[in-house]
Amino acid sequence: MKARVQWAGEALFLGESGSGHAVVMDGPPDAGGRNLGVRPMEMLLIGLGGCSNFDVVSILRKSRQPVESCEVFLEAERATEEPKVFTKIHLHFVVKGRGLKEAQVKRAVELSAEKYCSASIMLGRAGVDISHDYEIVELG
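So for the sequence shown, our numbering puts the first residue at 12; every next one is plus one.
Here it is in structure tokens:
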């Protein structure tokens, strides 16, 4: 896996993935940024959410669960002193569908957290306290 990040002036950076997709990252105004893109640590948090949500949806679909929507809301705490690493991250999944089985949703979230989500497992091994929960919304 490869990526490239190019400085574009002030606190603005352009990132390009090995698959050719681009993203803008910028710092806050108090750090010389112009608020033109997500912060790099936000990007890390978004990546974690994408990785875990991908797993949960994939596991639910493979187990033939009628999932119609899956969102994950992440909340993170960071150290107060440099380096301001993540210390805690909580992932809250909201899974919507018709006739979803709670045991299957629980299993999907657990499998992502414990076996499949590389980002979550890597951050956990680095000392971040990561927790997960979920809610199921029955669609009429």
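Glycine included, C-beta positions come from ideal geometry on N, C-alpha and C. The structure presented is a predicted model; accordingly, all values stated were derived computationally and were not measured.
- Cβ neighbours of His143 within its own chain (closer than 6 Å, five residues either side excluded): Leu102, Val120, Ala124.
- Note on the region 106-138: whole alpha helix (DSSP H) runs with a minimum of 4 residues are 113-122, 129-136, in chain order.
- In this structure, Ala130 lies near Cys62, with their beta-carbon atoms less than 8 Å apart.
- Counting only the Cα atoms, Arg136 lies some 16 Å from Arg89.
- In this structure, DSSP gives Leu47 a state outside helix and strand, which the three-state scheme calls coil.
- Straight through space, the alpha carbons of Gly60 and Arg75 are spaced by roughly 22 Å.
- Here the C-alpha atom of Ala14 lies approximately 14 Å from the C-alpha atom of Met36.
- Scanning its chain for C-beta atoms nearer than 7 Å, with the 5 sequence neighbours on each side dropped, one finds around Val67 the residues Cys81, Phe104, Ala119, Val120, Ser123, in chain order.
- Here Ala87 has Leu56, Phe97, Ile100 as same chain residues with Cβ atoms under 6 Å from its own Cβ, once five neighbours each way along the sequence are excluded.
- Annotation: Arg75 is outside any beta strand (DSSP E) and is labelled neither H nor E by DSSP.
- Setting aside the 5 residues that flank it on each side, Arg72 is surrounded in the same chain by Val78, each with a C-beta closer than 7 Å to its C-beta; the list follows chain order.
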